[in-house]
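> Residues in the sequence shown are numbered consecutively from 1, following UniProt numbering.
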Amino acid sequence: MPVLSIQTWGLPQQGLTEEEQIQLHKELENCTEVVGTIRNSVESYMKEKAIRHIEELDYTHRQEYESWLSPELTHGTKVKYLTGFDWIKRHAIREKANSLLGRNQKILYENKIWFLLYYPDQEVASRFNKTTDKKALVWDFQQKSPERMKRQIFQSLQKLIADDYSNSYRAEKLGHLKYFYNFCCERGIEDIEYLETEDEAAFRQYLEERRKKPNRIIDYCREVVFTEAKETNWDANVWYLSRFCFEKERVNQSNMVRTITFQTVRHLQNRKLLQEYMKYGVGLSTLSLSSLREESHYIQGFLAYYNETEFKDARKLTGEKIDIFFKYIEEKKIHPNTFNRYVKAVDHFYQYLLTRYQVKRIPFHKEYYLKAEIYRHHDRSVEEVVSKEILKNLKYFPEEIRLMYLHLWAVGMRISEVCTIKAKEYYRQDDDYWMQIYQVKMRNYKRIPIPEALYRLMQVYIKKKRRKPEDYVFQNQKGGAFCSSTFRCRMKKLCETYQIGDGTYMFQAHGYRHTLATVFYDEGVPLQSVRDYLGHAYEEMTQQYIDYMPRRIEEASKAYFKETDSSLAVGLKERWKHGGSHRHKDTTVLPKSD
């Protein structure tokens, strides 16, 4: 027969024995951080309520103690007594944490009211010492809500209070998290990882009704839950790629692909098929993450088209039904290159289904739909007057932005290459100065000459920032590669601030590659040499970069093979000799690439 407590039978609670009272008094005497009058008050309360040890105190007792205090006390005095009560409880927590058992104890979720000042890790709890609104520190996990959701919120809460944020930012995020928790309780959300777009829209409406600004707390919680899970949840509606380790060749560190989402595909079976294909793409393919995300985008567009039609299951679609989709996107008059990407992505998807025996054959022939790809020429070269204006104002730009811009202007690098330069990649060979850079887009290394002035500027910067050989030269706040989108945004703002081009110039990092390619070609550098310098795989791509003179390209390319002394170095030598705007050290020999 189970033993029932006295409270269960509704009988009066027994008081403390004399021995227990002595022990309690000793425990309280050790709380020297609290004055005697408050210790005595807490002792009287605990004796009256038959609480044997200060370790047993919790937030419910704190509320009860507040009511127990004399109503004649002023508000300020009550606050002092409650603060003393908190320090007594926290003393017990620290004592336990310093014990052998406490040091090895993991903080686990419990269905109780969590008061952050009483958090078992008192180093974390100390971050809330100056919080005046104590109610903001109260988290009620006793509510009758789905257990899994409550555990996910608690996991997010633990991450949020443990991470090294400023007090103001942490308080703001905690407020966002509490609103989200209350929303999930009211809406009966069972699992954060399976939120649909309408749930997210409902949360935005929930905030608007309470006059709160939209925030990214859903994204934060989902990322914590997905990345910290013991096993990967491949069924989640959003995947966070920071969970996985990828080969260097697949990742553009300056423009990280954070997520792959599946919410636009409403038909759950089709969503499952796409997730299986993306699982293969993440784990077994060699596709770059940007290409994988692009593939996912086009397939989702295809599957989402059938969300509201009777032909839902992708495995049962006929060639005629797929033809309807291709005609639908063709009516949008998208570029042939984009149209072909749709066709190829859908074909890849069905090839995967075929290998997994989900379909017996691919229901359409991609060759029937593929269009002739037309490469449009865009004149993106930066006008000389604009470059001069920027150079004139460059001294007012932040140092890292200033140096990054010089790599674009003087060397014609891709912005992804600039953002991922490592300190070891600048070097001197005899009287020449070089960079060996990793081309994210081409997945290989290349060596290019650089101006002596740029080399010396970078050596000063690297030394000043104490960069190690393997460190990124230009870093984000976490020490990773500088984000290319951040650089673009800051450059656009600076150009606007300093009225570059009368305030109308729209900064485009890639325009400087067009400028350099055009200048080289205009001064007699053969197309093949320009291609090698830019790091292109095909001459057709290089042709897209040479502006103003498209008619000369083909003729000059043919003439190149009749010349015996044509080289990039000769072209560069002529340019430097005449004092071109991209002036480098005069040299006639380039070392061979490794």
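Ideal Cβ placement from N, Cα and C applies to all residues, glycine included.
Can you give me the start and stop residues for the beta strand (DSSP E) that Ile500 sits inside?
Neither: Ile500 is in no beta strand (DSSP E) and is coded neither H nor E.
> Assuming Ala97 contacts Val124 (C-beta within less than 8 Å), just tell me the rounded distance between them.
The Cβ separation is near 11 Å, so there is no contact.
> Can you tell me where the alpha helix (DSSP H) with Pro449 in it begins and where it stops?
Here Pro449 belongs to no alpha helix (DSSP H); instead the beta strand (DSSP E) covers Asn444 to Pro449.
> Which stretch, first to last residue, makes up the beta strand (DSSP E) that contains Arg428?
Note, Arg428: beta strand (DSSP E), Tyr426 to Gln429.
> Since residue 656 is in the alpha helix (DSSP H), which residue starts that stretch and which ends it?
No statement about residue 656 is possible, as the shown extent of the chain runs from 1 to 594 and does not include it.
> Tell whether a beta-carbon distance below 8 Å holds between Met149 and Ile189.
Yes, Cβ-Cβ distance for Met149 and Ile189 is below 8 Å.
> Thinking C-alpha only, which one of Glu200, Leu317, Asp58 and Ser288 is nearest residue 625?
Nothing can be reported for residue 625, as the shown portion of the chain is limited to 1 through 594.
> For the pair the stretch 418–431 and the stretch 466–475, tell me if three or more CB-CB distances fall below 8 Å.
Touching, per the Cβ criterion.
> Let's test the definition: count the other Cβ atoms within 10 Å of the Cβ of Asp86 and tell me whether it reaches 16, buried, or not, exposed.
Buried, by the Cβ-count rule.
> Cα-Cα, which of Glu249, Val346, Tyr445 and Lys392 is closest to Tyr298?
Comparing Cα positions, the closest option is Val346.
> Based on the DSSP output, what are the partners of Thr259 in its beta bridges?
Per DSSP, Tyr240.
> What is the DSSP secondary structure of Tyr433, reduced to helix, strand or coil?
In this structure, Tyr433 counts as strand in the three-state DSSP scheme.
> What did DSSP end up calling Lys332 once you bin it into helix, strand or coil?
Correct three-state label for Lys332: coil.
> Among the candidates Glu247, Ala229 and Arg315, whose CA atom is the shortest distance from the CA of His267?
The shortest C-alpha separation from His267 is found at Arg315.
> Look up Lys122 in the DSSP assignment and say whether it is helix, strand or coil.
First, the residue type needs correcting, since residue 122 is Gln and not Lys in the sequence shown. In this structure, Gln122 counts as helix in the three-state DSSP scheme.
> What is the DSSP secondary structure of Lys422, counted as helix, strand or coil?
Strand.
> Can you find the residues in the same chain that come closer than 7 Å, C-beta to C-beta, to Leu137, ignoring five residues on each side of it along the sequence?
Excluding residues within five positions, the ones whose Cβ falls inside 7 Å are Phe115, Leu116, Leu117, Phe128 and Thr131.
> Could you give the residue range of the alpha helix (DSSP H) that holds Trp409?
Trp409 -> alpha helix (DSSP H) spans Glu399 to Val411.
> Measuring CB atoms only, is the stretch 476–494 touching the stretch 245–262, in the sense that at least three cross pairs come out at less than 8 Å?
The stretch 476–494 vs the stretch 245–262: in contact.
> Tell me the start and end of each unbroken beta strand (DSSP E) in the stretch 512–542 that is at least 3 residues and wholly inside, in chain order.
Correct list: empty.
> Starting from the C-beta of Phe507, find all residues in its chain whose C-beta is less than 6 Å away, skip the five residues before and the five after it, and write them out in chain order.
These residues qualify, in order along the chain: Met491, Lys492 and Cys495.
> May I ask which residues mark the beginning and end of the beta strand (DSSP E) holding Val138?
Unbroken beta strand (DSSP E) run through Val138: Val138 to Asp140.
> Kindly list the residues whose CB is nearer than 6 Å to the CB of Leu353, restricted to its own chain and excluding five residues on each side of it in sequence; keep chain order.
So the list reads Val359, once near-sequence residues are dropped.
> Within 10 Å of its beta-carbon, does Gln142 have 16 or more other beta-carbons around it, so buried, or fewer, so exposed?
So Gln142 counts as exposed.
> When we look at the beta-carbon of Tyr368 and count the other beta-carbons within 10 Å, is it buried (16 or more) or exposed?
When all chains shown are included, Tyr368 counts as exposed.
> When the distance is taken between beta carbons, is Val411 closer than 8 Å to Ile448?
Cβ distance < 8 Å, so Ile448 and Val411 count as in contact.
> List the whole-angstrom C-beta distance separating Val34 from Gly76, where the pair is believed to meet the contact cut-off of C-beta under 8 Å.
The Cβ separation is near 17 Å, so there is no contact.
> Three or more C-beta pairs closer than 8 Å, one from the stretch 282–289 and one from the stretch 321–331: is that the case here?
Taking 8 Å as the limit for Cβ pairs, the verdict is that the stretch 321–331 does not touch the stretch 282–289.
> Going by DSSP in three states, Glu19 sits in which element: helix, strand or coil?
If DSSP states are grouped into helix, strand and coil, Glu19 belongs with the helices.
> Please state if the CB of Leu24 and the CB of Glu43 are separated by a distance shorter than 8 Å.
The answer is yes: Cβ separation under 8 Å.
> Just how far apart, CA to CA, sit Trp239 and Ile153?
Spanning the two alpha carbons is a distance of roughly 18 Å.
> For a test of the three-state rule: what should DSSP assign to Ala345, helix, strand or coil?
It is helical.
> Spatial neighbours of Gln122 within its chain, please: C-beta separation below 7 Å, excluding the five flanking residues on both sides.
Here the set comprises Arg90, Ile93, Arg94 and Ala97.
> Report the rounded CA-to-CA distance for Asp140 versus Lys159, giving the unit in angstroms.
Taking the straight line from one Cα to the other gives about 17 Å.
> Using the rule of at least 16 other Cβ atoms within 10 Å of the residue's Cβ for burial, across every protein chain shown, is Val526 buried or exposed?
Note on identity: in this sequence residue 526 is Pro, with Val being the wrong assignment. Counting Cβ neighbours within 10 Å, Pro526 comes out buried, since at least 16 surround it.
> Going by DSSP, what residue range makes up the alpha helix (DSSP H) through Ser285?
Taken as a continuous stretch (DSSP letters only), Ser285 belongs to no alpha helix (DSSP H), as it is neither H nor E.
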